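Trainee: Numbering (this note's numbering), first residue to last: 41 to 463.
Glycine is no exception: its CB is placed at the ideal position from the N, C-alpha and C atoms.
Since the model is a prediction, treat every value here as computed from it, not as a measurement.
1) Report, in whole angstroms, the separation of the C-beta atoms of residue 315 and residue 364, which I expect to be a contact under 8 Å.
2) I need the DSSP call for residue 376, collapsed to helix, strand or coil.
3) State the DSSP-derived secondary structure class of residue 430, mapped to helix, strand or coil.
4) I'd like the list of long-range same chain contacts for residue 53, defined as Cβ closer than 7 Å, with 5 residues on each side in sequence excluded.
5) Within 8 Å, do at least three Cβ pairs link the region 271-284 to the region 218-236?
6) Given a cut-off of 8 Å, decide if residue 48 and residue 344 are closer than it, judged by their beta-carbon atoms.
7) Tell me where the alpha helix (DSSP H) around residue 314 begins and ends.
8) Could you tell me the distance, in whole angstroms, from the CA atom of residue 231 to the CA atom of residue 371?
9) Tell me, please, whether the CB atom of residue 340 is closer than 8 Å to any CB atom in chain B?
10) I think residue 199 touches residue 213, with their Cβ atoms under 8 Å apart; what is that distance to the nearest whole Å?
11) Could you check what DSSP says for residue 271 in three-state terms: helix, strand or coil?
12) Per DSSP, what kind of secondary structure is residue 285 in: helix, strand or coil?
13) Determine the DSSP secondary structure at residue 233, reduced to helix, strand or coil.
14) State the CB to CB distance for the pair residue 449 and residue 431, rounded to an integer number of angstroms; the pair is presumed to be in contact (CB under 8 Å).
15) How is residue 301 classed by DSSP in three states: helix, strand or coil?
16) For a quick check, are the C-beta atoms of residue 75 and residue 110 less than 8 Å apart?
17) Short check: CB of residue 60 to CB of residue 333, under 8 Å?
18) Give me the Cα-Cα distance between residue 359 and residue 321, rounded to the nearest whole angstrom.
19) Taking contact to mean at least 3 C-beta pairs separated by less than 8 Å, is the region 112-122 in contact with the region 65-75?
20) Measure from the alpha carbon of residue 274 to the alpha carbon of each residue in 376, 215, 329, then state which is nearest.
21) Quick one: give me the first and last residue of the beta strand (DSSP E) that residue 348 is part of.
22) Are the Cβ atoms of residue 191 and residue 87 separated by less than 8 Å?
23) How would you call residue 185, buried or exposed, if buried means at least 16 neighbouring beta carbons within 10 angstroms?
24) Please work out which residues of its chain come closer than 6 Å, Cβ to Cβ, to residue 382, disregarding the five sequence neighbours upstream and downstream, and give them in chain order.
25) Give me the residue from 204, 295, 216 with the minimum Cα distance to residue 266.
26) As a quick exercise: from 441, 313, 125, 176, pick the residue whose alpha carbon is nearest that of residue 482.
27) Could you please give me the residues that DSSP links to residue 134 through a beta bridge?
28) Quick one: give me the first and last residue of the beta strand (DSSP E) that residue 160 is part of.
29) Considering only the alpha carbon of each residue, which of 181, 122, 104, 180 lies closest to residue 169?
30) Go to residue 196, then tell me how far its alpha helix (DSSP H) extends in each direction, as first and last residue.
31) Suppose you measure from the CA of residue 378 to the CA of residue 310; what does that come to, to the nearest Å?
32) In or out: residue 429 buried (at least 16 other Cβ within 10 Å) or exposed?
33) For residue 405, is the classification buried or exposed, using 16 other Cβ atoms within 10 angstroms of its Cβ as the cut-off for buried?
34) What three-state label does DSSP hand residue 330 in the structure shown?
35) If you follow the beta strand (DSSP E) that residue 441 is part of, which residue opens it and which one closes it?
36) Checking 8 Å against the spacing of the C-beta atoms, do residue 172 and residue 161 come in under that value?
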């Protein structure tokens, strides 16, 4: 269900751009979640929307991000570019040389028809783009951009210190300051961080409800923003930002004023429930959850359930989450997700296995996990577990790419779990 929402959110964003008759679209990295996605049904829908942009004479400018970048150059972005569906700006970087004091040259891309100047730096794995950004010949870029007229945009895919949401302010992640980026641009379009944050030229938050960790003045730098993701990527993001977003920008050439407005992509409501199990029994926690759900309208909504803490008695498995699942299904909940990673128990059992092989140990563990079930249910679940274990023990074939191998494993997993009709 959530993959469908992801694609539908993308389609909504493109439809909005078409209805607003925008002049162009920019993507600051991670258009895809891997360099070469293989889900043809999803790709068909994506390419269909990109074709609509092209037929409407709306160019798509982008840079690769840390997920869809490919060092070999073999990526779906290359296919999109070759088909004329996008313009990839990654080749504006030129390697450093001794003639430029070891600095990296960053060229400008000009769209004369739209009086537009673009440049940017792609995202790399583990924040390696930070070193690239710090090595750019800033003075040369600033001289070049100051000689240009029209709207000037700098695309970057990295963690920008002044734009980080408060939750990430103290995280040890590779990041760069706005002062390290060349000045002279009206808009610094940033990707990588999924929280939507918009800043005007004075460092004040605008339209997002969240102010970056750094604050401060931008000086000769214009507005900057993280547009947010098209759709949340995981449980935590669903609970915090709940839905996707993008940014509509309006530029007045006469005054050179740029206004940014966040557009929410809210296709489904999210109900996020969190329970503290600290010092409570498993049955007490279960009762709290069921009481909270009683009377809640879950129809067509995404239900998130997070339970954390240390139980005073009982085990996490004693909480009847299957009953919660059935309630969600009865109420026609669109999707139900639970997070019990932080749920623990004070009860410890040390089981000594007399098995003499890995296979026998696995059998003991699986049988022990399902010992409280009836024989029919126990057999069904054991078969499912062993099927998944056998699948996940497979290795990549010699002539198989990493992406193809991953896709094959995912496809076989879907079949084992009987999820073909749901995905």
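Mentor: According to the structure shown:
1) Residue 315 to residue 364, Cβ: 11 Å. No contact.
2) strand
3) helix
4) 270, 286, 305
5) yes
6) no
7) No alpha helix (DSSP H) holds residue 314; the beta strand (DSSP E) holding it covers 310-316.
8) 37 Å
9) Reference to chain B is not applicable here, since this structure consists of a single protein chain.
10) 5 Å
11) coil
12) strand
13) coil
14) 7 Å
15) strand
16) yes
17) no
18) 9 Å
19) yes
20) 376
21) 342-351
22) no
23) buried
24) 348
25) 204
26) The structure shown does not extend to residue 482, since the chain is modelled only from 41 to 463, so the question has no answer here.
27) 145
28) 156-161
29) 104
30) Note, residue 196: premise wrong, no alpha helix (DSSP H); beta strand (DSSP E) at 191-197.
31) 13 Å
32) exposed
33) exposed
34) helix
35) Neither: residue 441 is in no beta strand (DSSP E) and is coded neither H nor E.
36) yes
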